[in-house]
Structures are given as structure tokens and as C-alpha cells.
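Before any comments, here is the structure.
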Amino acid sequence: MAKLDPRLRQLIAQEKPGARPGGLTAADVRAADAAVLSLQRPAPPLHSARDLTIPGSGGNLAAVTTRDLTRQGTSPAFQVLIYPMLDATASSASYRELGVGYGFTKEKSLWYFGQYLPDGSDRRDPRISPLLEHDLTGLPPTLVITAEYDPLRDDGEHYARAIRNVGGPADLRRYDGMIHGFFQMTGHVNAASQVQADIAAWISEQTGTPASGGRRAPSTSAAAARTEAAPLDEDDHQVDDHPVGRDADERVSPGRESNDGGSLGALGYS
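Sequential numbering of the sequence shown, starting at 2, is according to the working numbering.
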């Protein structure tokens with residue numbers, strides 16, 4: 002288990018205990034999403050799966066949208082899920098082990114879901130909790146990014162393995178010593194720039210376009226083949242049989258150069 006990056010520990014220490022997004026309402030969230038997605042103007046027609054991209058709308062939305070479009074026969078070319086929030090019941094082992102003290106908390110996760118779910122919603126509905134979807138066949142190539150000290154870590158890692166369990170292509174990468182939100186922390190940790198470069202290389206590999214510098218990104222097929230079965234328990238939850246810090250298929254240490262390596266696809270982060 003890697004040590005929590007000291008710069009991130011300092012950021013966490015500056016956060017007020019129990020802090021929530023002050024004054025944020027469901028209407029504020031919808032307005033922000035509309036701005037990001039440019040929904041103030043009519044959306045252009047979707048001519049093909051390659052015309053779909055979902056910038057910053059959340060790993061949950063990207064996963065549900067990709068699954069629904071796949072069933073309609075218009076699957077995106079790929080999906081990238083960055084520490085996605087995939088289980089509205091927040092019941093994984095990483096929620097229990099990392100649910101407080103690491104910036105993003107279990108309480109915040111449940112609060113965010115509560116801002117848009119009507120009272121009485123079934124949080125186990127796969128349209129709300131895609132991790133609990135029974136049929137993940139036919140999904141496009143998938144890259145799942147997780148952080149070692151993130152309550153959402155198990156959501157993403159179990160989802161990637163569930164896709165593989167039905168024969169789907171999924172790469173899973175855990176970043177050592179990182180917390181939820183590190184993707185945007187380019188001013189604080191080197192891993193932020195690294196994960197962005199890693200994602201670009203992976204997308205390049207999926208689309209067959211040159212990676213940065215005009216080189217083709219190397220194949221990730223070997224990493225994709227390293228699979229651990231994630232069995233289902235009686236309630237169809239993924240069983241978490243590993244302690245905090247157990248290896249994902251690829252662990253990426255901050256500062257280490259990564260040479261791993263996708264037409265437009267679904268991109269979402271929570």
C-alpha cells in the first residue's frame with residue numbers, strides 16, 4: 002500500500018470537517034451541467050456513435066448512457082470512466098474503509114445522489130447504479146481509472162472486472178497514493194498530468210490515431226488480459242475480497258513514466 006501523497010494530505014487537512022458543497026442545490030447542478038453540455042442551444046443530430054462525447058458529466062452518466070446506446074445499436078467507440086460513482090447504495094468495502102478522512106466522503110456521495118433522485122427511488126435500479134446491471138455484454142472498450150485512497154475505488158474496479166467477466170474489453174488502472182479528484186489537481190501532484198497523458202494514449206490506441214509526438218501508443222492488450230474474477234454475492238453486489246491497497250490490474254505510481262496506452266466516445270468523471 003502506497004503512502005498518501007503528503008501534498009494531498011495537506012489539502013485534506015485544510016477542508017472543514019463534514020463540509021458539503023455549501024448552498025448547492027439540484028437546480029445549481031443542472032444549470033452547471035447544462036453549461037458544460039451546451040444544452041442552452043439545440044443539440045446537433047447524432048449521426049453516428051462516433052459523434053458522442055460526454056465531457057465532465059460524471060462517470061455514472063457516461064456508464065448508463067454507454068450501456069443504453071449499446072442496446073440501441075449505436076454504441077460509442079469507447080468509454081473512459083474516471084473514478085466513477087456507480088453504486089448509489091454506497092456499500093462497498095472502500096466506502097467503509099475510506100469513507101471519511103480522505104476529502105471525498107461517503108456522506109458526500111449519498112448527498113450528491115440525493116440531489117436528483119426523487120424520494121422513494123430504488124437505488125439498486127441499474128439506471129441509477131450501473132454497477133448492479135446484470136447485462137454488461139457488448140460494451141465498447143472501456144478504461145477505468147481509480148485512486149487508491151478514494152471511497153469510490155471499488156465501484157470502478159468491480160465494474161471493470163464485471164465487464165471482463167462477460168468477455169468485454171476493459172482496462173483498469175489504479176493510481177497509488179491518490180485521492181478522489183486528483184485528475185484535476187495538476188497544480189499539486191504530478192499524477193494529474195500523468196493520468197491525463199495516459200488516457201490520451203489509451204484513446205489514441207482505440208482510435209488508431211498517433212499518440213503525442215506522432216507515435217502510435219503501444220497496445221494495452223496484455224494489461225487487459227490480466228483479469229481477476231469479482232464474484233457476485235447473493236444480492237448481486239460485487240464481493241470485495243481485498244484489503245485497501247491490493248493491486249489493481251495496473252498500479253501507477255506518481256512520477257513513474259507510463260508507456261501504456263482511443264473516434265469519439267463517452268468520457269465521464271465523478
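By construction, the Cβ of each residue, glycine as well, lies at the ideal position given by its N, Cα and C atoms.
Note that the coordinates shown come from a computational prediction; the quantities given were computed from them, not determined experimentally.
Contacting residues, own chain, Cβ-Cβ under 7 Å from residue i (five flanking each side not counted)
| i | result |
| --- | --- |
| isoleucine 164 | Leu137, Leu140, Thr143, Ala171 |
| alanine 111 | Sequence check: residue 111 is leucine here, not alanine. So the qualifying residues of the chain are Ala91. |
Residue i, DSSP secondary structure in three states
| i | result |
| --- | --- |
| tyrosine 84 | coil |
| arginine 8 | helix |
| leucine 265 | With a pLDDT of 48 at leucine 265, under the threshold of 50, the modelled position of this residue cannot be trusted, and the question is left open. |
| glutamate 149 | strand |
| aspartate 155 | helix |
| alanine 91 | coil |
| leucine 118 | coil |
| aspartate 177 | strand |
| threonine 187 | coil |
| leucine 140 | coil |
Distance, residue j Cα to residue i Cα
| i | j | result |
| --- | --- | --- |
| glycine 188 | glycine 182 | 12 Å |
| lysine 4 | glutamine 15 | 19 Å |
| glutamine 116 | lysine 109 | 11 Å |
| tyrosine 113 | isoleucine 200 | 26 Å |
| glycine 209 | valine 196 | 20 Å |
Minimum C-alpha distance to residue i - residue among the options
| i | options | result |
| --- | --- | --- |
| aspartate 177 | Tyr160, His159, Arg154 | Arg154 |
| asparagine 61 | Leu70, Ile129, Ala3 | Ile129 |
| methionine 2 | Met186, Arg175, Trp203, Ser194 | Arg175 |
| arginine 162 | Glu134, Phe105, Met179 | Glu134 |
| threonine 66 | Gln207, Ala198, Asn166, Pro127 | Pro127 |
| serine 93 | His159, Glu206, Gln80 | His159 |
Cutoff 8 Å; reference residue i; Cβ partners in own chain excluding five residues on either side
| i | result |
| --- | --- |
| glycine 157 | Gly60, Leu82, Tyr84, Pro85, Leu87, Val145, Ile146, Thr147, Leu173 |
| glutamine 185 | Ala193 |
| glycine 104 | Leu9, Leu12, Ile13, Glu16, Ile180, His181, Gly182 |
| leucine 99 | Tyr150, Asp151, Pro152, Arg154, Val245 |
| glycine 168 | Thr138 |
Cutoff 6 Å; reference residue i; Cβ partners in own chain excluding five residues on either side
| i | result |
| --- | --- |
| arginine 125 | Leu133 |
- prompt: Can we say the segment 113-121 touches the segment 67-76, given the rule of at least three CB pairs closer than 8 Å?
  reply: no
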